[in-house]
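Here the sequence shown stands for residues 10 to 212, numbered as in UniProt numbering.
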Amino acid sequence: DEQAFAPGALLLPGFALSKAAALLDTITAVTAEAPLRQLHTPGGQLMQVAMSNCGDLGWVSDARGYRYQALDPNSDRHWPAMPALIKDLAAEAAQRAGFADFRPDACLINRYLPGNRLSLHQDLDEQDLSQPIVSISLGLPAVFLFGGLTRADKPARLTLRHGDVLVWGGPSRLRFHGVLPLADGDHPLLGRRRINLTLRRAC
Ligand code: MD3
Ligand code: FE
Numbered sequence: 010d011e012q013a014f015a016p017g018a019l020l021l022p023g024f025a026l027s028k029a030a031a032l033l034d035t036i037t038a039v040t041a042e043a044p045l046r047q048l049h050t051p052g053g054q055l056m057q058v059a060m061s062n063c064g065d066l067g068w069v070s071d072a073r074g075y076r077y078q079a080l081d082p083n084s085d086r087h088w089p090a091m092p093a094l095i096k097d098l099a100a101e102a103a104q105r106a107g108f109a110d111f112r113p114d115a116c117l118i119n120r121y122l123p124g125n126r127l128s129l130h131q132d133l134d135e136q137d138l139s140q141p142i143v144s145i146s147l148g149l150p151a152v153f154l155f156g157g158l159t160r161a162d163k164p165a166r167l168t169l170r171h172g173d174v175l176v177w178g179g180p181s182r183l184r185f186h187g188v189l190p191l192a193d194g195d196h197p198l199l200g201r202r203r204i205n206l207t208l209r210r211a212c
């Protein structure tokens, strides 16, 4: 029941469901080494969503800007390695969407608590924008906003549920997108939170 809901965008409902518990275990291990933290935007705002990374490169934001870097700024150590479970799942999802050679080098971990939102933005910090982005949703459902190629385009809404995987490539790669404030709830596996894994080829 995969669904191409925009050119280059493929929703794979429940694609990660059978691996959710194992994914959560790997995320718990990664965030024990590189703890989730709230970053500041270059403009000085504290982001609501807490973030960490695994893989060769991790996405960070601070007063100097947005970028990918090999070291966790909190520890000056390399980010934890990307677990094969996550890398392989993302490559398999990308393949289904027609990206045969997706080799992610960066996995951003986003942790949402009730009330947390992510404002509308474009993902522009990656070198090769012909490479897709794969996102894996775990825990509480979230209302995802996907807009057009300008901020003025009115975004459509899509609920992302536990186990859903999305592939964004081609003409959808540069769409504006965001997440509405997370509604409270209690997920059987994750409790009162949502975790999103976003896999990218950063360099
Ligand atoms: C559409 N994360 O990390 S995932 C992000 O749910 C981010 O945490 C959101 O936006 C989250 O940058 C959305 C789905 C997603 C990710 C990247 C995209 C959708 C996208 C890039 C282009 C278009
Ligand atoms: Fe994004």
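C-beta atoms are modelled at their ideal positions from N, C-alpha and C, and glycine is treated no differently.
Which class does Ala79 belong to by DSSP, given the choice of helix, strand or coil?
-> coil
Have a look at the DSSP bridge pairing and note the partners of Ile142.
-> Ile142 is bridged to Trp177.
Relative to the C-alpha of Asn103, which residue among Pro123, Pro82, Pro141 is closest?
-> Correcting the residue identity first, residue 103 is Ala in this sequence and not Asn. The residue with the shortest Cα to Cα distance from Ala103 is Pro141.
Thinking C-alpha only, which one of Gly74, Phe185, Gly23 is nearest Val174?
-> Gly23
Boundaries of the beta strand (DSSP E) in which Asp71 is found, first to last residue | 67-71
What are the uninterrupted segments assigned as beta strand (DSSP E) that are 3 or more residues long and contained completely in the segment 149-212, given in chain order?
-> 151-155, 165-169, 174-177, 186-188, 203-209
Report yes or no: do the segment 106-125 and the segment 200-207 share at least 3 C-beta pairs separated by less than 8 Å?
-> yes
In whole angstroms, what separates the C-alpha of Asp134 from that of Leu66?
-> 12 Å
Taking Ala41 as the reference, which of Ser70, Leu147, Met60 has the closest Cα?
-> Met60
Whole angstroms is fine: what's the gap from Gln57's alpha carbon to Leu129's?
-> 13 Å
Answer with buried or exposed for Ala90, where buried requires no fewer than 16 other C-beta atoms within 10 angstroms of its C-beta.
-> Classification of Ala90: exposed, given that the 10 Å Cβ count is below 16.
Have a look at His186, Asp34, Gln131, Asp132 and flag the residue whose alpha-carbon is nearest the alpha-carbon of Pro92.
-> Asp34
Kindly identify the DSSP beta-bridge partner or partners of Ile118.
-> Ser61, Leu206
Which residues mark the beginning and the end of the beta strand (DSSP E) in which Leu127 is found?
-> 127-130
Please list, in chain order, all residues of the same chain as residue 5 whose beta carbon is under 7 Å from its beta carbon, the five residues on each side excluded.
-> Outside the displayed span of the chain (10 to 212) sits residue 5, for which this structure offers no information.
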